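Chemist:
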Amino acid sequence: MNGTARRPLIGVSTYLEAEARWGVWTLPAALLPAGYPRLVQAAGGLAAMVPPDDPAYAADVVARLDGVVVAGGPDVEPSRYGAPRDARTGPPAPERDAWELALIEAALTTGTPLLGICRGMQLLNVALGGTLVQHLDGHAVAPGVFGTHTVKPVPGTLYASVVPDASTDVPTYHHQAVDVLGRGLLASAHAPDGTIEAVELPAPAWTLGVQWHPEMSTDTRLMQALVQAATKRPEGARGTARTTPDAPQTTTTPNKPTNAPNT
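Counting from 1, one number per residue, gives the positions in the sequence shown under full-length UniProt numbering.
1. If you measure between the beta carbons of residue 106 and residue 58, is that distance less than 7 angstroms?
2. From residue 23 to residue 31, what does the alpha carbon distance come to, in whole angstroms?
3. What residues are listed by DSSP as bridge partners for residue 17?
4. Where residue 197 and residue 185 are concerned, what is the direct C-alpha to C-alpha distance, given to the nearest angstrom?
5. Let's see if you can read the secondary structure: which residues bound the alpha helix (DSSP H) around residue 34?
6. Where does residue 154 fall in DSSP's three states?
7. Does residue 145 pass the burial test, meaning 16 or more other C-beta atoms within 10 Å, or should it be called exposed?
8. So residue 72 packs on residue 119, CB below 8 angstroms; how close in whole Å?
9. Applying the criterion that 16 or more other CB atoms from any shown protein chain within 10 Å of the CB defines a buried residue, is residue 75 buried or exposed?
10. Using three-state DSSP, classify residue 172 as helix, strand or coil.
11. Would you mind working out which of 161, 157, 165 and 143 sits nearest residue 151, comparing C-alpha positions?
12. Based on the DSSP secondary-structure assignment, which residues constitute the bridge partners of residue 149?
13. Mark residue 14 as exposed unless 16 or more other C-beta atoms lie within 10 angstroms of its C-beta, in which case mark it buried.
14. Does the Cβ-Cβ distance between residue 104 and residue 124 come in under 7 angstroms?
15. Taking C-beta to C-beta, are residue 131 and residue 163 nearer than 7 angstroms?
16. Measure the CB-CB distance between residue 95 and residue 27 and report whether it falls below 7 angstroms.
17. Could I get the ranges of all uninterrupted beta strand (DSSP E) runs contained in the region 76-117, with 3 residues as the minimum, in chain order?
18. Can you pull the DSSP bridge partners for residue 11?
19. Within 10 angstroms of the Cβ of residue 19, are there 16 or more other Cβ atoms? Answer buried if so, exposed if not.
20. Applying the 10 Å Cβ sphere with the 16-neighbour rule, what's the burial state of residue 229?
21. Nearest CA to the CA of residue 173: which residue from 156, 154, 192 and 216?
22. How about residue 199 and residue 45: are their beta carbons less than 7 angstroms apart?
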């Protein structure tokens with residue numbers, strides 16, 4: 001993409017922290033690790049932070065964007081998917097949950113390209129009626145330390161077309177996972193232990209979620225694919241509605257406990 005071409009505007013959801021420190025300040029902050037906007041920029045997009053707001057405005061926000069990234073973050077509130085809270089589930093983030101679920105709904109309704117990262121993938125699943133494993137051992141090395149494991153694509157999926165490698169090493173930090181898939185979602189990559197590592201909606205949507213953290217990697221293919229999908233949207237496509245598949249799915253993450261921390 002040359003320097004004079006219009007870069008697609010990619011909105012990235014943010015953390016909302018009660019206390020953040022920088023310089024001489026300790027204040028509430030809407031913030032985002034720099035890896036997210038840097039990844040969008042490296043892929044040819046223009047990154048815009050989209051902090052939590054009144055969910056009623058989500059459709060208006062998405063109508064101004066060419067693509068949406070739902071970032072990683074805290075555990076999803078279990079009541080959102082009809083489950084009791086496990087003792088190992090992290091503190092709730094109700095403002096983020098409500099706002100990001102509304103962003104996802106607006107993106108799905110309008111056909112806006114959507115990439116969910118870690119928590120963002122889990123929220124995509126919950127938005128479509130799916131459930132989560134609340135605790136999963138072995139996918140977070142230590143607090144604040146990213147681990148690495150391989151993922152394998154499911155042939156014929158959108159993810160496999162973007163990352164056709166037989167297996168890929170990915171940076172990971174999560175303790176929750178997709179359990180029952182939401183309406184219309186397909187599992188498109190797995191970890192060696194069978195954990196669902198990517199989900200997607202079938203064409204014509206460009207809707208993909210990954211359980212790992214591409215913003216912590218030098219591999220830009222996922223974000224490049226999102227930016228390309230945003231670039232290819234026809235002029236005036238913002239705000240155009242489409243129908244989301246509604247057939248229930250029952251695929252689950254194999255051999256996982258039904259209760260289980262996260263990003």
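C-beta: ideal position from N, C-alpha, C; glycine also.
These figures come from a predicted structure and were not determined experimentally.
Modeler: Looking at the coordinates:
1. yes
2. 15 angstroms
3. 29
4. 13 angstroms
5. From DSSP, residue 34 is part of no alpha helix (DSSP H); its letter is neither H nor E.
6. coil
7. exposed
8. 5 angstroms
9. buried
10. strand
11. 165
12. 170
13. buried
14. yes
15. no
16. no
17. 114-117
18. 48 and 68
19. exposed
20. buried
21. 216
22. no
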